[in-house]
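Novice:
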Amino acid sequence: MTRYALVVGIGDYDGLPSLTKPSRDAEAVAQRLEKHGDFKVERLPKEWNAEKQCYEVVPERVTGKQLGQALLQFFQQAKGNEALIYFSGHGITVVDELGQQKGYLAASDCIITIEGKQIVGQQHGVSLDSLNDVIEQAELKSLVVLLDCCHAEYFLEGNSLKKTLQVFNHKPDTHLIAACRSFAPNADTKRYGWGYSIFTTALLEGLLPENASIDGQVRLDDLFAFILRKLENRNWQFGASDSQQPIRMGSGSSIVLVSYPPKQTPTTGEEICPYQGLQSFDWSRSRYFFGRRQVTETLRQKLEVANFVPLIGASGSGKSSLIKAGLIPSLEARSWRVLATILPGNEPLTELKYAFAQLLTPLELQEVYSLFDKSPDLQPLLKQLPISERVLLVVDQFEEVFALCSQEAERRRFIQLLCQVAEISNSQLAIALVIRADFLEPCLKYPLLTQLIQDYAVYMPPLLGEDLNSAITSPALLTGFQLEPDLLDAIVQDFQEIDSLPLLQFALTQLWHQRDIQTRKLTLAQYQQLGGISEALNRHAENLYASFTQQQRDWIEQVFLKLVRPSASKKIIRQRQPISKLQEIVGSNPTEREAFGKAIEDLVAGGLLTLTKKPDGETWVDLAHEAVTEGWQRFAHWLNQNLSTLSL
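Put into structure tokens, the structure is as follows:
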């Protein structure tokens, strides 16, 4: 199937300031798309270069009629195929008699009428309303539109743009990335010495091979994430007076833009461990997160149309990793704001207050906290939040609201507030609940929550086949290592029996630490020496346990038992504890407290425990994952002996 691209660079203007960069920008993009994207590129304006025997974008005039005809011809030529449009030049906003804004792509002969500081009329520009209609009618397999427009901050503001180009909100596999600048044309490039415009510089860098994924491909999601980070860094460096903000619209699959040879056999690689042990992947480790692309996209698409989506899966199925390393980067690449994840714990309403505190000043926070106590509804509270973009709040380990919260009134109000988001039309806030499948039964006591689960839930599928293979092999390949031929089969066979992603990741982490540096391989012999997935955690924990004194071992048993509790149905879940409460085990003796603290530090370094600091400054201790209760046989024995005495 042929891929088509229309690349336009207009810098010569009659009624607007001329620009020096668009032709150079457009030609660089055209060459990248031809060479690495397998696109058949149509340039505008173009001129034949006899020496190079090819067409090139040149700094010549393009009239509005020529631009409109080129667009219509392009849509006809690309019918049934993948298509891409790149435009570099002026964009203008015309304000009509009723104060409504209409956007236009400015051609060379575009003439504008100005009253005060507003453009109130234009001639010969290409209407974005008309472009929206043409795209709506176009019969394309996919479409990507990239707009690099000068002096276009009005029509390229997010809300205004979405009102004009509605087609990108609903037509499948149709995507837009746009940026505007609100200062003198090309002042940026003169001031900082860049060869291309700000946006196109980031665009071209994002299409380089070093930004490709392990398969050598640069997808649209990856490109926008790169552009967003690049421009945010630049805005922070040079200030807000000439800042740019990229805008993303669209739905459907993430289009592959350019391809390079797969990164299968690098000669060198970074030596950071690409596996995650017992802890979940997060945004900073998302490049090592493989195998969940399809369910990530399913979850993202549901959140685009619904305000409340539960993610349900078994313990150890990778729910938290999917949210942190899959969903969150994908939404941030689409200009969502993501609040810090909350866990319900003993006081879920307090945790919810902490979540909204991320958006507010101390004075605003007092007013919102008052609403929490007075208003039974969430909508008055949301009106106080200073948000214009879509905002996601993730409630992880939702089962804690049943297992740890002892007050039914607080539990019911917490659930009520979360569920109300689904009933607020056009809410900027969306909620993602992460629920263990074995805690679905208590959810059924709450009718609205039950209905929302029935209507919107996404269920974690098992990790199988090529997805499982990729989760095992791709992180190693990314760091320059390979698995021996028989090793993958052995790991897959063990995983089918254990079916625990945390235990798989822990075994892979231990295997990484035993890697063969000389051959740059992970070997079957090393894996067997670890005891495979079923024994790796147990052997590691026992070796760590053996390093402690008898007194420390006694403390450790008490600590681990305090970090879990059975639910009413006897299911074991984690129970975080403040470090101050755990220190009560040893009393006030300074020497014993020091030995206790050293044991906790070693358990954290060994990957069995984690430390987190709450907003109030208190440090809390937690198990790295519930999988420790199964993977460490000694801990499982402690649980069996003490189950009847653990607090309900």
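Numbering (the numbering used here), first residue to last: 7 to 654. Beta carbons are placed, not taken as given, at the ideal position from N, Cα and C, and that holds for glycine.
1. For Arg-9, does the three-state DSSP call read helix, strand or coil?
2. If we ignore side chains and look at the alpha-carbon of each, how far apart do Lys-527 and Leu-446 end up?
3. Look up Asn-432 in the DSSP assignment and say whether it is helix, strand or coil.
4. Give every residue of the same chain whose Cβ lies closer than 6 Å to the Cβ of His-130, excluding the five residues on either side of it in the sequence, and list them in chain order.
5. Sort out for me which residues DSSP pairs Arg-185 with in a bridge.
6. Identify every run of the beta strand (DSSP E) within the stretch 403-452, keeping only runs that are complete inside it and at least 3 residues long; order them along the chain.
7. What residues match up with Glu-53 in a beta bridge as DSSP calls it?
8. Between Phe-110 and Gln-128, how many whole angstroms is the CB-CB distance? I'm expecting something under 8 Å.
9. Would Tyr-61 and Ala-11 qualify as a contact pair, given that the criterion is a beta-carbon distance under 8 Å?
10. Measure how close the beta-carbons of Gly-322 and Pro-508 come, nearest whole angstrom, since I'm counting them as under 8 Å.
11. Taking the alpha-carbon positions, what's the Ser-257 to Gln-589 distance?
12. Is Ser-219 closer than 8 Å to Asp-179 when the C-beta atoms are compared?
13. State buried or exposed for Tyr-465, treating a residue as buried only when at least 16 other CB atoms are found within 10 Å of its CB.
14. Threshold first: 4 residues or longer. Then list the alpha helix (DSSP H) segments lying entirely within the stretch 102-153, N to C.
15. My output table needs one value for Leu-384: the three-state DSSP class, helix, strand or coil.
16. With distances taken from CA atoms, which of Val-592, Gln-534, Asp-18 and Ser-573 is nearest Gln-557?
17. Please report the distance separating the alpha-carbon of Val-498 from that of Gln-172.
18. DSSP state of His-176, grouped into three classes?
19. Just tell me which of Leu-569, Val-68, Lys-325 and Gln-223 has its CA closest to the CA of Asp-402.
20. Quick one: what's got a C-beta closer than 8 Å to Asn-352's C-beta in the same chain, skipping five residues either side?
21. Note down the Cα distance separating Arg-299 from Gly-332, rounded to an integer number of angstroms.
22. Determine the contact status of Phe-6 and Ser-327, defining contact as a CB-CB distance below 8 Å.
23. Assuming the contact rule is C-beta atoms closer than 8 Å, Ile-204 and Glu-405 should be a hit. Round their C-beta distance to whole Å, please.
24. Would you grab the beta carbon distance between Arg-9 and Lys-41 for me? Rounded to a whole angstrom, and I think it's under 8 Å.
25. Only counting runs of 3 or more residues, tell me where the beta strand (DSSP E) segments fall wholly within the stretch 525-586, in order along the chain.
26. Of the choices Leu-469, Thr-479 and Arg-417, whose alpha-carbon is the least far from that of Gln-452?
27. Between Ala-6 and the rest of its own chain, which residues show a CB-CB distance below 7 Å, the 5 nearest in sequence each way excluded?
28. Could you pull the start and end residues of the beta strand (DSSP E) that Phe-314 belongs to?
29. Write down the C-beta distance between Ala-361 and Ala-339 rounded to the nearest angstrom, noting that I regard them as a contact closer than 8 Å.
30. Less than 8 Å between the beta carbons of Phe-230 and Ile-261, yes or no?
31. So is Pro-268 buried or exposed if we call it buried at 16+ other beta carbons inside 10 Å?
32. Leaving out five residues on either side along the sequence, give the residues of the same chain with a beta carbon under 7 Å from the beta carbon of Ser-573.
33. Using a Cβ-Cβ cutoff of less than 6 Å, which residues in the same chain neighbour Ile-141 once the five nearest sequence positions on both sides are dropped?
34. Is DSSP giving Tyr-375 helix, strand or coil here?
35. Which residues does DSSP list as the beta-bridge partners of Arg-254?
36. What residue does the alpha helix (DSSP H) around Val-498 start on, and which one ends it?
Specialist: Taking the geometry as given:
1. If you number the sequence shown from 1, residue 9 lands on position 3. Strand.
2. Indexing the sequence shown from 1 puts residue 527 at position 521. Indexing the sequence shown from 1 puts residue 446 at position 440. So the alpha carbons of these two residues sit roughly 43 Å apart.
3. Position 426 of the sequence shown, counted from the first residue, corresponds to residue 432. Coil at Asn-432, not helix or strand.
4. Start at 1 with the first residue of the sequence shown, and residue 130 comes out as number 124. Correct list, in chain order: Gly-70, Ala-113, Asp-115 and Cys-116.
5. Translated into positions along the sequence shown, residue 185 becomes position 179. Checking the displayed sequence, the identity of residue 185 turns out to be Ala instead of Arg. Answer by DSSP bridge pairing, in chain order: Asp-154.
6. 435-442
7. To locate residue 53, count along the sequence shown from 1; it is residue 47. Glu-53 pairs with Glu-62.
8. Within the sequence shown, numbered from 1, the residue matching residue 110 stands at position 104. Within the sequence shown, numbered from 1, the residue matching residue 128 stands at position 122. Before going further, note that residue 110 is Tyr rather than Phe in the sequence given. About 6 Å separates the two Cβ atoms, so the contact holds.
9. Here residue 61 corresponds to residue number 55 of the sequence shown, with the count starting at 1. Here residue 11 corresponds to residue number 5 of the sequence shown, with the count starting at 1. Not in contact: Tyr-61 and Ala-11 (Cβ atoms no closer than 8 Å).
10. To locate residue 322, count along the sequence shown from 1; it is residue 316. To locate residue 508, count along the sequence shown from 1; it is residue 502. Sure, about 5 Å apart at Cβ, within 8 Å.
11. The residue labelled residue 257 in the question sits at position 251 within the sequence shown. The residue labelled residue 589 in the question sits at position 583 within the sequence shown. Distance between the alpha carbons of Ser-257 and Gln-589 is about 51 Å.
12. As a working mapping, residue 179 is identified with position 173 in the sequence shown. As a working mapping, residue 219 is identified with position 213 in the sequence shown. Contact flag unset, no.
13. Working through the sequence shown from its first residue, we reach residue 465 at position 459. Classification of Tyr-465: exposed, given that the 10 Å Cβ count is below 16.
14. 134-143
15. For the purposes of this step, residue 384 is taken as residue 378 along the sequence shown, with counting starting at 1. Coil.
16. In the sequence shown, counting from the first residue as 1, residue 557 sits at position 551. When only C-alpha atoms are compared, the closest one is Val-592.
17. Looking up residue 498 in the sequence shown gives position 492. Looking up residue 172 in the sequence shown gives position 166. Whole-angstrom Cα-Cα distance: 46 Å.
18. Walking along the sequence shown from the start, residue 176 turns up at place 170. Correct three-state label for His-176: helix.
19. As a position in the sequence shown, residue 402 is number 396, starting the count at 1. Among Leu-569, Val-68, Lys-325 and Gln-223, the Cα nearest to that of Asp-402 is on Lys-325.
20. The residue given as residue 352 occupies position 346 in the sequence shown. Leu-410, Cys-411 and Ser-412, listed in sequence order.
21. Reading the sequence shown from its first residue, position 293 is the one you call residue 299. Reading the sequence shown from its first residue, position 326 is the one you call residue 332. Cα-Cα distance, rounded: 7 Å.
22. No statement about residue 6 is possible, as the shown extent of the chain runs from 7 to 654 and does not include it.
23. Within the sequence shown, numbered from 1, the residue matching residue 204 stands at position 198. Within the sequence shown, numbered from 1, the residue matching residue 405 stands at position 399. Actually they do not touch by this definition, with Cβ atoms about 46 Å apart.
24. Reading the sequence shown from its first residue, position 3 is the one you call residue 9. Reading the sequence shown from its first residue, position 35 is the one you call residue 41. About 13 Å separates the two Cβ atoms, so there is no contact after all.
25. 570-572 and 578-580
26. By 1-based counting over the sequence shown, the position of residue 452 is 446. In the sequence on display, residue 452 carries Tyr and not Gln. If we check each option's Cα against that of Tyr-452, Arg-417 comes out closest.
27. Coverage of the chain is limited to positions 7 through 654, which leaves residue 6 absent and any answer about it impossible.
28. The sequence position of residue 314 within the sequence shown is 308, counting from 1. Per DSSP, Phe-314 belongs to the beta strand (DSSP E) from 314-319.
29. Residue 361 sits at position 355 when you count from the first residue of the sequence shown. Residue 339 sits at position 333 when you count from the first residue of the sequence shown. Wrong, their Cβ atoms sit about 22 Å apart, outside the cutoff.
30. Residue mapping note: residue 230 aligns to position 224 of the sequence shown, counting from 1. Residue mapping note: residue 261 aligns to position 255 of the sequence shown, counting from 1. No, Cβ-Cβ distance for Phe-230 and Ile-261 is not below 8 Å.
31. Counting from one through the sequence shown, the residue named residue 268 turns up at place 262. Pro-268 comes out exposed.
32. The residue given as residue 573 occupies position 567 in the sequence shown. Once the five neighbours on either side are set aside, the close Cβ partners of Ser-573 are Phe-408, Ala-409 and Ile-579.
33. The count along the sequence shown starts at 1 and reaches residue 141 at position 135. Cβ within range, chain order: Val-173.
34. Numbered from 1 along the sequence shown, position 369 holds the residue referred to as residue 375. It is helical.
35. Residue 254 sits at position 248 when you count from the first residue of the sequence shown. In DSSP, Arg-254 forms a bridge with Ile-183.
36. Position 492 of the sequence shown, counted from the first residue, corresponds to residue 498. 491-504 is the span of the alpha helix (DSSP H), which, as asked, contains Val-498.
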